[in-house]
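Colleague: Take a look at this one; I'll ask things after.
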Amino acid sequence: MSLNLSMGFQERLAEVEAYLEFLSVMEAQAQRGPPRIEGSEHPISTQQQRILYSGVYLQLYNLVEATMTRCIEAVAGAARDSARWKPGDLSASLRREWVRVIARTHVQLTPEHRLESALSLCEHLVASLPISTFDIEKGGGGNWDDSEIESFSSRLGFKLVVSKPVYSAVKQPFRDDLGPLALVKQLRNRLAHGSISFAQCAEDTTVERLVDLKNRTVAYLREVVDCFTKYVESFEYLIPERRPA
27 MSLNLSMGFQ ERLAEVEAYL EFLSVMEAQA QRGPPRIEGS EHPISTQQQR
77 ILYSGVYLQL YNLVEATMTR CIEAVAGAAR DSARWKPGDL SASLRREWVR
127 VIARTHVQLT PEHRLESALS LCEHLVASLP ISTFDIEKGG GGNWDDSEIE
177 SFSSRLGFKL VVSKPVYSAV KQPFRDDLGP LALVKQLRNR LAHGSISFAQ
227 CAEDTTVERL VDLKNRTVAY LREVVDCFTK YVESFEYLIP ERRPA
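Structure follows, in structure tokens:
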């Protein structure tokens with residue numbers, strides 16, 4: 027499990043770092059004059075540079091959401107685990123998530139469909155069936171930042187423990203009174219909804235600042251991955267008496 031989560035994280039991170047390396051080379055060229063792609067007749071304009079810089083916010087948000095999606099899927103997959111566990115084996119928090127999915131408690135349903143969902147839950151419990159299908163609902167996209175990650179971790183029944191230096195770096199305002207992940211989320215959403223242009227998004231920024239933003243975000247996500255890995259590998263999603271020795 028640890029290997030799968032870490033490998034998936036590294037794959038997405040490699041894309042971000044490759045892009046930042048490209049931007050770094052371009053910015054270094056700009057210090058000697060207008061940068062240009064080899065063989066191109068026209069140099070890269072300041073507006074084009076800003077547009078390229080804005081792509082970092084999209085890539086970082088992609089890394090954040092992909093990381094959380096994989097972590098949540100790892101927990102659901104462990105609960106399914108070849109139909110090894112029953113609802114009564116799950117911790118109170120995760121059993122609540124299972125009921126949410128089976129009974130569809132957070133979905134607008136007609137009275138008839140709500141009855142069908144309640145009967146499905148009842149029949150599963152009466153027959154003492156194992157958990158064979160289970161996907162944790164993580165809500166709508168575009169909302170992940172450090173506060174949301176902490177809240178979701180609590181919802182699953184464990185406290186996210188992050189080292190003091192990393193916690194301080196992710197909570198410290200980075201720009202516009204927002205921490206790194208909150209800033210990435212806001213700018214990604216503003217770009218996605220068209221409330222800001224790509225050129226405006228990256229005004230007054232540098233590759234150095236973007237690398238700093240990436241480093242703070244990545245340091246936090248690494249520890250999140252470690253926490254989820256421990257949660258799964260220590261069987262913390264089960265009640266204590268059902269955890270394998």
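The opening position of the sequence shown corresponds to residue 27 in our numbering, with each subsequent residue numbered one higher.
Glycine included, C-beta positions come from ideal geometry on N, C-alpha and C.
(1) Quick check on this structure: which residue in Y193, E262, S221 has the alpha carbon closest to the alpha carbon of R248?
(2) Quick one: what does DSSP say L239 is sitting in, helix, strand or coil?
(3) Provide the residue span of the alpha helix (DSSP H) that contains Q198, from first to last.
(4) Can you tell me whether DSSP reads L39 as helix, strand or coil?
(5) Please identify the residue among A54, V250, Q73 whose C-alpha is closest to the C-alpha of K185.
(6) Closest by CA to F224, which one among T232, R130, Y79?
(7) Taking DSSP as the reference, what is the three-state secondary structure of L135?
(8) Distance check for A100 and M27, CA to CA, integer angstroms please.
(9) Going by DSSP, what residue range makes up the alpha helix (DSSP H) through T231?
Modeller: Reading from the atomic positions:
(1) Y193
(2) helix
(3) Where Q198 is concerned, there is no enclosing alpha helix (DSSP H), given that its DSSP letter is neither H nor E.
(4) helix
(5) V250
(6) Y79
(7) coil
(8) Summary for M27: the model assigns pLDDT 47, below 50, so the residue's position carries little reliability; its value from the coordinates is reported in the next sentence. Those two C-alpha atoms are separated by around 8 Å.
(9) Counting along the chain, T231 falls outside any alpha helix (DSSP H), and DSSP gives it neither H nor E.
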